[in-house]
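Peer 1: Numbering (this note's numbering), first residue to last: 22 to 464.
All C-beta atoms in this analysis are idealised placements derived from N, C-alpha and C, irrespective of residue type, glycine included.
If you scroll down you'll find the structure; I have some questions about it.
Below is the structure:
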């Protein structure tokens, strides 16, 4: 880090040496510095670096603030009309999202803002220890690790920022009308820049409504987007080789569409997230389809949450279009695991809905140790992973309240009833045989 070349202002104009020093020396007067410093000290104390901070010069402490990460309001890409009022609102919300403590870190939860403060601290701290003349081997090893932390933290924060913005712009998109996507014009660190200004460049992808005949009724369907954070966005398609021998058409790729019914079912059944998060899940699961299963004359596309299969998107081919018509949770009938679950548990088609086993949130309140029988049914059916979804990602939606004790009692009664019915049938068969044998024979 070379202070002679260090620093640009918000407009990207290089600061002279005197201007740079004046700016750093006046940091204490900055309106946001006091709040920033209070949060920084809080973070340094809980992560165990407060003593190192105290050893820094006042000048270095001010440098930490000057190296902070700043999310600017998004800008509209050329040719894409987005109101300035909207862009300001988006920027405000993104800065608020950045401060939400929703990232698991050991026994704590931290925010992207917290990580960005630690990144700023280590940028400055690694430069200070780099200038130290140290003869202590332990101290030399500590300094070596401190110098590696900025690059590690930068990669982490870059990934988290991209995902946060991806989720947010997906949430404000309407797949039936318009879809927001973005690129980051200044997310890459410039070595000799004071602050890291992150500027999302927004674009719009306008939807067109198509109609196709499904079950002899014309229904609206919508194309799904493939969101690429580097190059932009385009409409999705699926490789026809994934469809196997059941597809006999001539196209190597089929355009991918989704019915509004499927959109509603995903939001309804993947109910551990807020409604607006379902778009992110749809983008993730249709962006690059790797597997298609043929089951009961339907195409099933696995639907993953946190890399765990939780259900399937059911699809069919109409007019050389691959159309997702509905969504089934993995416990439903007409899925391989759901049918096995019915066999091992004895539950019927209507029981799955009645006991709310068709909602993902049901399994977030489930205790495997308390109800081992249900856990065993799920494991034997091939869907035990559904119980291992990270609890860190539950949102404010109300979780389903299921009395699993009553459910077990219901299953047991059903089994007893089946056995009793089977015994009665056998008894009636034996009686019928006896009556037949006792009949007088006609000579």
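Out of 115, 127, 173 and 355, which one is the CA nearest neighbour of residue 185?
Peer 2: With distances taken between Cα atoms, residue 185 lies closest to 115.
Peer 1: In whole angstroms, what separates the C-alpha of residue 79 from that of residue 70?
Peer 2: Their Cα atoms are separated by approximately 16 Å.
Peer 1: Starting from the C-beta of residue 318, find all residues in its chain whose C-beta is less than 6 Å away, skip the five residues before and the five after it, and write them out in chain order.
Peer 2: Cβ within range, chain order: n/a, list empty.
Peer 1: Just checking my contact of residue 284 with residue 307 at CB under 8 Å: how many whole Å lie between their CB atoms?
Peer 2: In fact, because the Cβ distance is near 11 Å, the residues do not count as touching under 8 Å.
Peer 1: Label residue 76 either buried or exposed according to how many other C-beta atoms from any shown protein chain fall within 10 Å of its C-beta, with 16 as the threshold for buried.
Peer 2: Burial call: exposed.
Peer 1: How many angstroms separate the CA atom of residue 219 from the CA atom of residue 345?
Peer 2: Answer to the nearest angstrom: the Cα atoms are 36 Å apart.
Peer 1: Quick test of your reading: residue 299 and residue 287, contact by CB under 8 Å. State the CB separation rounded to the nearest angstrom.
Peer 2: Going by Cβ atoms, the distance from residue 299 to residue 287 rounds to 5 Å, so yes, they are a contact pair.
Peer 1: Have a look at residue 355 and residue 316 and give me their C-alpha separation to the nearest angstrom.
Peer 2: Each residue's alpha carbon lies about 8 Å from the other.
Peer 1: According to DSSP, is residue 276 part of a helix, a strand, or is it coil?
Peer 2: In the structure shown, residue 276 sits in a strand (DSSP, three-state: E or B).
Peer 1: If I follow the unbroken alpha helix (DSSP H) through residue 112, where does it start and stop?
Peer 2: Note, residue 112: alpha helix (DSSP H), 105-119.
Peer 1: Look at the alpha carbon of residue 226 and the alpha carbon of residue 304, and state the distance between them as a whole number of angstroms.
Peer 2: Computed Cα separation, rounded: 14 Å.
Peer 1: Distance, Cα to Cα, residue 391 vs residue 217?
Peer 2: In a straight line, the C-alpha of residue 391 is about 50 Å away from that of residue 217.
Peer 1: Would you call residue 53 buried or exposed, if buried means 16 or more other Cβ atoms sit within 10 Å of its Cβ?
Peer 2: Counting Cβ neighbours within 10 Å, residue 53 comes out exposed, since fewer than 16 surround it.
Peer 1: Three or more C-beta pairs closer than 8 Å, one from the region 361-376 and one from the region 398-408: is that the case here?
Peer 2: Yes: the two stretches touch, three or more of their Cβ pairs being nearer than 8 Å.
Peer 1: Look up residue 294 in the DSSP assignment and say whether it is helix, strand or coil.
Peer 2: Three-state DSSP puts residue 294 in coil, outside helix and strand.
Peer 1: Check this for me: beta carbons of residue 221 and residue 323, under 7 Å apart or not?
Peer 2: Cβ atoms of residue 221 and residue 323: not closer than 7 Å.
Peer 1: Use the C-beta contact count for residue 332: other C-beta atoms within 10 angstroms, 16 or more gives buried, fewer gives exposed.
Peer 2: With 16 or more Cβ atoms within 10 Å of its Cβ, residue 332 is classed as buried.
Peer 1: So the alpha helix (DSSP H) residue 371 belongs to, where does it begin and stop?
Peer 2: From DSSP, the alpha helix (DSSP H) with residue 371 extends over 370-375.
Peer 1: From which residue to which residue does the beta strand (DSSP E) around residue 258 run?
Peer 2: From DSSP, the beta strand (DSSP E) with residue 258 extends over 258-260.
Peer 1: Could you check how far apart the C-beta atoms of residue 193 and residue 245 are, in whole angstroms? I think they sit under 8 Å.
Peer 2: No, residue 193 and residue 245 are not in contact; Cβ-Cβ is about 17 Å, not under 8 Å.
Peer 1: What are the boundary residues of the beta strand (DSSP E) that residue 92 is part of?
Peer 2: Where residue 92 is concerned, the enclosing beta strand (DSSP E) stretches over 90-92.
Peer 1: Distance check for residue 89 and residue 144, CA to CA, integer angstroms please.
Peer 2: The alpha-carbon atoms of residue 144 and residue 89 are separated by roughly 10 Å.
Peer 1: What is the DSSP secondary structure of residue 363, reduced to helix, strand or coil?
Peer 2: Looking at residue 363 - three-state DSSP - the assignment turns out to be helix.
Peer 1: Measure the Cβ-Cβ separation of residue 335 and residue 290 and say whether it is below 7 Å.
Peer 2: Not in contact: residue 335 and residue 290 (Cβ atoms no closer than 7 Å).
Peer 1: So what does DSSP say about residue 2, is it helix, strand or coil?
Peer 2: Not covered by the structure: residue 2. The range shown for the chain is 22 to 464.
Peer 1: Assuming contact is defined by CB atoms lying nearer than 7 Å, are residue 352 and residue 373 in contact in what I supplied?
Peer 2: The answer is yes: Cβ separation under 7 Å.
Peer 1: By how many angstroms is the C-alpha of residue 178 removed from the C-alpha of residue 56?
Peer 2: Their Cα atoms are separated by approximately 21 Å.
Peer 1: CB-CB under 7 Å to residue 138, same chain, minus the five flanking residues each way: which ones, in chain order?
Peer 2: Here the set comprises 60, 61 and 64.
Peer 1: Assuming residue 469 contacts residue 233 under a Cβ cut-off of 8 Å, what Cβ separation, rounded to an integer in Å, is found between them?
Peer 2: Look at the range of the chain in this structure, 22 to 464, and you will see that residue 469 is not part of it.
Peer 1: Pick out whichever of 235, 230, 275 and 202 has its Cα sitting closest to the Cα of residue 247.
Peer 2: The candidate whose alpha carbon is nearest that of residue 247 is 202.
Peer 1: If you follow the beta strand (DSSP E) that residue 84 is in, where does it begin and where does it stop?
Peer 2: Residue 84 -> not in any beta strand (DSSP E); alpha helix (DSSP H) instead, spanning 79-87.
Peer 1: Can you give the Cα-Cα distance for residue 389 and residue 338, rounded to whole angstroms?
Peer 2: Residue 389 and residue 338: Cα-Cα distance of roughly 40 Å.
Peer 1: Looking at the unbroken beta strand (DSSP E) that takes in residue 338, where does it start and where does it end?
Peer 2: Start and end: 329-339.
Peer 1: Put residue 142 into one of helix, strand or coil per three-state DSSP.
Peer 2: If DSSP states are grouped into helix, strand and coil, residue 142 belongs with the helices.
Peer 1: By the DSSP assignment, the alpha helix (DSSP H) with residue 398 in it spans what residues?
Peer 2: Run containing residue 398: 393-401, per the alpha helix (DSSP H) assignment.
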